[in-house]
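Take a look at the structure set out below.
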Amino acid sequence: MMADIHAVTMALIQAGFRTAQPASERERIRHEHAEWSDKTFGDVGPVGPLKHLSKEALETAAEPGDLSEWADMQFLLWDAQRRAGISDGEITAAMEEKLKVNMARQWPEPKDGEPRLHIKEQSAPVSPGGWISCSERMPDNDESKPIAIFTGKCLGQGMFVATYDDDGFFDYWEGMEIIGVSHWMPLPAPPQQ
């Protein structure tokens, strides 16, 4: 039986056909990583690799020239994608659509080393009393502008004066991070004397 398979394979090769194109080096490494990951971490979903990816992204931002950090991010992205059951074709289609969306959006001026969020076209829904839900819109990334925030995580519910930047909300006077912020609103202008 094996001799017959070998004979047919050789005949196809001699006739100019190839049984399979060799996998690219990148695909070989991807496959090898998938086998290792399955053996090491078992049958788990994509959330763990995605959370680990955020850690690796911060490490890469601190050392952008360290190619091993870039490799870690690629491995984790592949792992999460595979564990979520998402094909490369699905990712490519989603990328094409997302690129169209991003190209249609308005963006702030570039600033090196800072993430740039698109400018929202419509104003965010405002709760009674002027509060804006954090799930709808975050404040401007401007540490010099104090804002009021509402949270239920700091010794019960509370309202604080804080600042906001891409790292989160911070107490205006003490600089400590405040977690669990659900709503915010700009402070009114001071009274004119």
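Numbering-wise, the sequence shown is residues 75 to 267 according to our numbering.
Glycine included, every Cβ here is placed at the ideal spot set by N, Cα and C.
- For Trp152, the three-state secondary structure derived from DSSP is helix.
- For the pair of segments examined, the stretch 167 to 184 was found not to touch the stretch 116 to 127: the number of CB pairs separated by less than 8 Å stays below three.
- Shown here, Val255 sits in a strand according to DSSP, grouped into three states.
- DSSP lists Gly242 as the bridge partner or partners of Asp239.
- Cβ-Cβ separation between Gly116 and Arg157: approximately 11 Å, too far for a contact (criterion under 8 Å).
- According to DSSP, residue pairing for Ser207 in a beta bridge involves His257.
- The closest CA to that of Arg104, considering only Ser142, Arg211, Gly122 and Leu151, is found on Leu151.
- Our two residues, Ile206 and Glu99, have alpha carbons roughly 50 Å apart in a direct line.
- Of the other Cβ atoms in all chains shown, fewer than 16 fall within 10 Å of the Cβ of Asp241; this residue is therefore exposed.
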